[in-house]
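Undergrad: Going letter by letter, the sequence shown gives residues -3 to 257 in the numbering used here.
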Amino acid sequence: MPWMFRGLRNGVLTTGYPARPDPYGEAWRGAVRLRGSGVPAPGAARLGCPTGALSEAPDGLRLDRGRCILCGRCVEAAPEALEWQAGAEVAALRRDDLLAPSPGPEDEDLEAVRADLATRVSALGRSVHLRHVDAGSDGSEEWELAALWNPVYDAHRLGIYLTASPRHADVLVVTGAGARGMVAPLLATYEAMPRPRVVMALGTDAISGGLVAPSYALTGGIGAIVPVDVWVPGSPPSPLSILHGLLLALGRLPDRRGGRS
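1. Would you call residue 140 buried or exposed, if buried means 16 or more other Cβ atoms sit within 10 Å of its Cβ?
2. What does the Cβ neighbour count give for residue 212, buried or exposed, with the cut at 16 atoms within 10 Å?
3. Please give the ranges of any beta strand (DSSP E) in the stretch 29 to 95, keeping only runs that are unbroken, at least 3 residues long and fully inside the region.
4. Assign residue 171 to one of three DSSP states: helix, strand, or coil.
5. I need the straight-line Cα distance from residue 260 to residue 187, nearest angstrom please.
6. When you compare the CB positions of residue 130 and residue 174, do they come within less than 8 Å of one another, or not?
7. Rounded to a whole number of angstroms, what is the C-alpha to C-alpha distance between residue 82 and residue 19?
8. Any idea which residues DSSP pairs residue 227 with across the strands?
9. With a CB to CB cut of under 7 Å and the five nearest residues on each side skipped, what residues in its chain are close to residue 254?
10. Looking at residue 53 and residue 259, is the spacing between their C-beta atoms short of 8 Å?
11. Since residue 156 sits in a beta bridge, which residues does DSSP pair it with?
12. In this structure, what does DSSP give as the bridge partners for residue 214?
13. For residue 103, count neighbouring Cβ atoms within 10 angstroms of its own Cβ and tell me buried if that reaches 16, exposed if not.
14. So is residue 133 buried or exposed if we call it buried at 16+ other beta carbons inside 10 Å?
15. Considering only residues of the same chain and omitting the five flanking positions on each side of residue 61, which have a CB-CB separation below 6 Å?
16. Between which residues of its own chain and residue 91 is the CB-CB distance below 7 Å, once the five residues before and five after are set aside?
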């Protein structure tokens, strides 16, 4: 019986996200960012980025959050140019939106991407099933993904479930750097899923290959294998970042100004 009294003493520990902001998620060191626009390039070599996420351009420094593993070397080496950005909401619907400054299309094109995705996911209703495929992961993303169904995050309360069969899946969650030996199994899983279907690239490895790219054994991310709808950077991303990516793709993030998006 001690567990009952402990539960009464602790109260409800499940996060209220996304209906309410999560204090832990808002304080999370979720990404590196440039300090303003036109940041002077301090010399990419001096920053010591192990994945080449930083590069120099005539008008300043370039940052690719899709290659960043959050090691923090650049922030320590050049705090005048880079800083940590708090918050777990780091997912994007376009790969170019992980670049800073962004070279992507205008907002009208982003709205078109959102509209197309919204049309596809409208058929899924309020209950969605995820099929996970490891395409060459180091295992860290899997730990964070599994945490979504513990009592703290409880993805079941949002109608999000795991399934063992791609034929029952609505969302394909892919981790890993895109090992060439996993190309055929990943494609087979994708083709077995009923339409409409959504694909998530989970983690820096799945987006760009991370530390182990480039390599003869890798495709350098899963975007070269299957079409990706939502990109969740991080090495690994937190459970709240994963949840944010899922809800972003499903169009189920609340509008903080009132109503839902």
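Every residue, glycine too, gets a C-beta built ideally from N, C-alpha and C.
TA: Working from what's here:
1. buried
2. exposed
3. 50 to 53, 56 to 60 and 78 to 82
4. strand
5. Outside the displayed span of the chain (-3 to 257) sits residue 260, for which this structure offers no information.
6. no
7. 11 Å
8. 88 and 197
9. Reliability fails at residue 254, whose pLDDT of 39 lies under 50, so the model's placement of it is uncertain and no value is given.
10. Look at the range of the chain in this structure, -3 to 257, and you will see that residue 259 is not part of it.
11. 124
12. 175
13. exposed
14. buried
15. 27, 94 and 229
16. 62, 219 and 227
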